[in-house]
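Notes follow the structure.
Protein chains: 2
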Amino acid sequence: MPDNSFKPLDPLLHSELRLAVMSILIGVDSADFVYLKSETGATSGNLSVQLDKLQQAGYIEVKKGFKGKMPQTVCSITDRGRDAFASYVEALRSYFPTQ
Amino acid sequence: MPDNSFKPLDPLLHSELRLAVMSILIGVDSADFVYLKSETGATSGNLSVQLDKLQQAGYIEVKKGFKGKMPQTVCSITDRGRDAFASYVEALRSYFPTQ
DNA sequence: ATAATTTGGTTTATAAAATAAACTACTTTA
DNA sequence: TAAAGTAGTTTATTTTATAAACCAAATTAT
Numbered sequence: 001m002p003d004n005s006f007k008p009l010d011p012l013l014h015s016e017l018r019l020a021v022m023s024i025l026i027g028v029d030s031a032d033f034v035y036l037k038s039e040t041g042a043t044s045g046n047l048s049v050q051l052d053k054l055q056q057a058g059y060i061e062v063k064k065g066f067k068g069k070m071p072q073t074v075c076s077i078t079d080r081g082r083d084a085f086a087s088y089v090e091a092l093r094s095y096f097p098t099q
Numbered sequence: 100m101p102d103n104s105f106k107p108l109d110p111l112l113h114s115e116l117r118l119a120v121m122s123i124l125i126g127v128d129s130a131d132f133v134y135l136k137s138e139t140g141a142t143s144g145n146l147s148v149q150l151d152k153l154q155q156a157g158y159i160e161v162k163k164g165f166k167g168k169m170p171q172t173v174c175s176i177t178d179r180g181r182d183a184f185a186s187y188v189e190a191l192r193s194y195f196p197t198q
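Line order of the protein sequences matches chains A and B. Residue numbering for the first sequence follows this note's numbering, beginning at 1 and increasing consecutively. Residue numbering for the second sequence follows this note's numbering, beginning at 100 and increasing consecutively.
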């Protein structure tokens, strides 16, 4: 008896920019603000806000430090983030013809 | 040279309820308001608003009539809607590890 | 040396979207 | 004929996304 109904989509991941960030972070050990910004094409403000949300949800870890003399924000995905991402993919599947 | 960057997600489809509606309509000839409401679990108000948006985008056709004496709103997907749905799926893929 | 520009962000304001609540018009049932 | 139910729409509220403005420090140009 296959589950036919639509699974709810985690609103934290169902956002273009946050999804892009998670998509990047899931494939690397860590990535900094500047890199995430250039890869996603986001504005600094938007990125800053969305990183905060992901961090507050415990989906990513954000470490602030310095690279030489310049401030640097380094992000990495957490286990919880990895789980959420996987669940989101699963949920998405329920909206599309299987396979 | 694979296209590695994130493709923009059509904001009209990147919405849980509108996506669910499209997901239903892509698999049937047509579906009425009551059916869409029960399948998606949406409130009437929300469904009404989102159907309007899909119609205004030309993604669905909405026909208002009567079933017996009761008003009936029948929806069907358009070619444009089908195309948009396919493009959305393609775009989504760019956020996930291929396959 | 200091003024202008750039870097790496944050904060605040605005626009857009989703959702819920209230309402309408009509039908059916008690 | 009054109450309740059906099939929606409209309006108001809340939430979200985005952009604009700002800040501190570093770098570059004068």
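Where a beta carbon is used, it is the ideal one built from N, C-alpha and C, also for glycine.
Neighbourhood of residue i by C-beta distance below 7 Å, restricted to the same chain and skipping five residues each side
| i | result |
| --- | --- |
| A/F85 | L13, M22 and I26 |
| A/R80 | G58 and Y59 |
| B/Y194 | F105 |
| B/E138 | I123 |
| B/Y134 | none |
Start and end residues, alpha helix (DSSP H) containing residue i
| i | result |
| --- | --- |
| A/T40 | F33 to T40 |
| B/K152 | S143 to Q155 |
| A/V28 | From DSSP, A/V28 is part of no alpha helix (DSSP H); its letter is neither H nor E. |
Range covered by the beta strand (DSSP E) that runs through residue i
| i | result |
| --- | --- |
| A/I77 | M70 to I77 |
| A/F66 | I60 to K67 |
Cut-off 6 Å between Cβ atoms - residues of its own chain near residue i, not counting five sequence neighbours on either side
| i | result |
| --- | --- |
| B/Y187 | D109 and L112 |
| B/I176 | L124, I125 and I159 |
| A/K63 | V74 |
| A/P97 | none |
8 Å contact criterion, which residue i and residue j should meet: CB distance rounded
| i | j | result |
| --- | --- | --- |
| A/K7 | A/E61 | Not a contact, Cβ separation roughly 27 Å. |
| A/L17 | A/A42 | 5 Å |
| B/L146 | B/F132 | 7 Å |
| A/Q56 | A/G65 | That pair is no contact at about 20 Å. |
| A/K37 | A/S30 | Incorrect: roughly 15 Å between the Cβ atoms, too far for contact. |
| B/L150 | B/C174 | 6 Å |
Proximal residues to residue i (C-beta, below 8 Å), its chain only, five neighbours per side dropped
| i | result |
| --- | --- |
| A/R82 | I26 |
| A/K67 | D32 |
| B/V148 | none |
| B/L114 | Note that residue 114 of chain B corresponds to Ser in the displayed sequence, not to Leu. Result list for B/S114: Q149, in chain order. |
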